[in-house]
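Data block below; observations after.
In the UniProt record's numbering, the protein residues as written are 1 to 787.
Have a look at this one:
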């Protein structure tokens, strides 16, 4: 008997997880394919789903005409691909049209009959719709008042419904036939997998991509099942939902199989097509264009980084500010340094090294607020006696849901209509913490969060954090710890505009907690006893960069000393000037005139965040393409256009290379995930994007969205997050990770981290060493080369 388990395991592992709306993480939908070289993964995706890893060729030809793809970059891309006749010959040889679709199809799509009275609906459409509606009902915990019985399990509950297909929009005779065939299906998911593979006799050489194609037929729900498996794995447990979903998909194939096996049968045509698709390859020309597009950005940048000196001024600065490495902080950091010349900014991971979960008062569960690659080590909480109950917080969350206004009026009566009208009016005030974080109320936002850690543990944590954040002596009188958050109304994907890494949450609780530690006299006394004193006049001030309006919101200022409060107005004036400069530069990106008065720009940008009808309150991380780990002096004179994750790193302060290993293993991988989410939502928005934001309907209260009221669960970014209505606002370029460290030190750090090395050597991101006068790139064969 043929062992199908390896092929099943490969198909299951190819599906990457997608996080729920309330903790929407920018994750790579290609994560399950990272063991394959990028070019081979392109072949696999074309076979399984006709899914490209590049834009249409026409888009690149247009970029070529606009000068966005440079001739020397195309020449380099052609050499990498083995073309030796030069770019002019290659351009002359280019076909005028994009490659036709590979058209892989599971057996159901071959059924000769229409699926119902509307002949435009295929049986594949029916399978997608029926499975999706069942999954929405099965996984819902927060939205519907009635739920399916979960006692028998996922597959068994689906089978019970298939045996009573009242909702099937098929011709009556076909519906009865499906019911009878469903009666014959195995009662157990594992038995269904074995029976289905035996019945359909898929060939071993294309079994894995066919099973992957079945899962990708309901790609959104497959990704949700993979998420459940990811979460179970963090607890050392196993989850079988994805495997059972594969059994359900296979059962649909068996139900629609007419049993004919002759030369003219649908089964025979299906076998021939999959044998053909086994040799199907991705569009080689499209991949060359994609690589040339990358090199057009990468090559000039890495040359500029090698030219810049890493020497740092040793005088005491007037201000130091640590920002999250989120790409939106780079333009504000540049504006701050120009406005306050004797200031210094640093970049650090936005959870500021505090692996915490936040527990709201009265809540039974804690919310992880750190990159999903890590697990929370401890909890922080805000205590306040008058904080509303979890039920009331749930009511407010319901009120914020898209289209909830109609349901509220229907259930609560017209008396609710007046408050909806008030809330629908856009305001131009600065967003408050409760507006930025639905877990907070006006009362609970006042006290800083508390933790249960001992003083010794706090001292141990901050002792390693300060140098890692680039806060070397001498410390400035003001040290801003700056998280970031965004304000947006009526948007189920609002978390995607917060932090792309930390479960869609802003960084305010982390910076409030860390600042309270560093301002604590007892902790400072301990640090001084260890020979690491902090200047008496240095104040650590928690702050938030409001990315929709480029404001800096200072937090917990009422806890400052009288002397610090007296100095505060001068600092606030400087921060406001820096914010104004950043807004002026960003205005054209959001359709505003840069010459407008700043009061007008500020008002309009705030209104975008509060407008229920605004589909593009900001561009979030669109355009991201670079990750740079280096001293700020290496990038301070470069305008990186809000496209770079900037992480502070000084190789001289990291003698054992552990710090560099940590950067490669966590921040760089997180940046890669964000980069790939935007990449996938752009090159294949049908499978890895969530469609038109105007048509979104929330599924299960928090699971995800439908585009309209049917179809598969949509994952990834809405089209409005990557396209402005006229052209793409995100170019799908693989991340260029640029590190200032000696080549041997960087190579050793990469060798010690298997997953980052896998990503680099398989071409999912590009690693550059920008330490010397000439940049080096790590190649797939495991070594540095000059490009």
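The C-beta atom is built at its ideal place from N, Cα and C for all residues, glycine as well.
Is residue j closer than 7 Å to residue i when the C-beta atoms are compared?
i           : j           : result
residue 644 : residue 379 : no
residue 487 : residue 554 : no
residue 325 : residue 646 : yes
residue 332 : residue 351 : no
residue 202 : residue 42  : no
residue 668 : residue 737 : yes
residue 304 : residue 733 : no
residue 748 : residue 664 : no
residue 154 : residue 231 : no
residue 178 : residue 255 : yes
residue 713 : residue 67  : no
residue 661 : residue 751 : no
residue 162 : residue 247 : no
residue 771 : residue 740 : yes
residue 556 : residue 448 : yes
residue 484 : residue 441 : no
residue 551 : residue 516 : no
residue 87  : residue 75  : yes
residue 657 : residue 745 : yes
residue 492 : residue 21  : yes
residue 276 : residue 267 : no
residue 543 : residue 482 : yes
residue 107 : residue 224 : no
residue 372 : residue 683 : no
Go through its chain and collect everything with a Cβ distance to residue i's Cβ below 8 Å, but skip five positions before and after it.
i           : result
residue 406 : Caution applies to residue 406, whose pLDDT of 45 falls short of 50 and renders its modelled position unreliable; the value that the coordinates give is listed next. Same-chain partners within the cutoff: there are none.
residue 385 : For residue 385, the predicted structure reports a pLDDT of 42, less than 50, and the residue's modelled location is therefore unreliable. A value from the coordinates is still provided. If we look at residue 385 and ignore the five residues flanking it on each side, it has no Cβ neighbours.
residue 346 : 320, 321, 322, 323, 469, 470, 471, 632, 648
residue 531 : none
residue 522 : 455
residue 780 : 37, 761, 762, 763
residue 759 : 34, 669, 672, 765
residue 59  : 728
residue 569 : none
By Cβ distance below 6 Å, which residues in the same chain neighbour residue i in space, the five residues on each side in sequence not counted?
i           : result
residue 358 : 367, 369, 380, 509
residue 13  : 32
residue 400 : Unreliable placement is indicated for residue 400, whose pLDDT of 43 sits below 50; no coordinate value is reported for it.
residue 6   : none
residue 688 : 29, 680, 681, 716
residue 335 : 578, 581, 582
residue 403 : Because the pLDDT of residue 403 is 46, which lies under 50, any placement of that residue in the model is unreliable, and the question is left without a value.
residue 96  : Its pLDDT being 49, under 50, residue 96 is placed unreliably by the model, and the measurement read from it follows with that caveat. Closer than 6 Å at Cβ, skipping near neighbours: no residue.
residue 629 : 647, 649, 663, 739
residue 241 : 154, 225, 228
residue 251 : 185, 192
residue 157 : 148
Could you please give the first and the last residue of the uninterrupted beta strand (DSSP E) stretch that includes residue i?
i           : result
residue 785 : 783-785
residue 324 : 319-324
residue 551 : 551-554
residue 378 : 378-381
Whose C-beta lies closer than 7 Å to the C-beta of residue i among residues of the same chain, with five residues either side of it excluded?
i           : result
residue 699 : 136, 705, 706, 713
residue 77  : 288, 291, 292, 295
residue 622 : 678, 721, 722, 729, 730
residue 197 : 4
residue 118 : Note on residue 118: pLDDT 49, under 50, position unreliable in the model; the coordinate value appears next. No residues qualify anywhere along the chain.
residue 80  : 291
residue 619 : 589, 729
residue 709 : 697
Looking at the strands, I want to know which residues DSSP matches up with residue i.
i           : result
residue 697 : 706
residue 346 : 322
residue 358 : 367, 380
residue 778 : 784
residue 483 : 544
residue 273 : Its beta-bridge partners do not exist; DSSP assigns none.
With respect to the alpha helix (DSSP H) encompassing residue i, which residues constitute its N-terminal and C-terminal limits?
i           : result
residue 646 : First-last for residue 646: 644-647, but that is the beta strand (DSSP E), not the alpha helix (DSSP H).
residue 557 : Looking at the DSSP string, residue 557 is not in any alpha helix (DSSP H), and its letter there is neither H nor E.
residue 470 : No alpha helix (DSSP H) contains residue 470, which DSSP labels as neither H nor E.
**Request:** Write down every uninterrupted run of the alpha helix (DSSP H) in the stretch 591-633 whose length is 4 residues or greater and which is fully enclosed by it, in chain order.
**Result:** 598-610
**Prompt:** Can you list the alpha helix (DSSP H) stretches of 4 or more residues lying completely in the stretch 217-242, in chain order?
**Reply:** 219-234
**Request:** May I have a chain-ordered list of the alpha helix (DSSP H) segments no shorter than 4 residues that lie completely inside the stretch 737-771?
**Result:** 743-751, 754-761
**Request:** Run through the stretch 64-92 for me and flag every whole alpha helix (DSSP H) of 4 or more residues, listed as ranges in chain order.
**Result:** 71-80
**Request:** Only counting runs of 4 or more residues, tell me where the alpha helix (DSSP H) segments fall wholly within the stretch 4-60, in order along the chain.
**Result:** 5-13, 38-49
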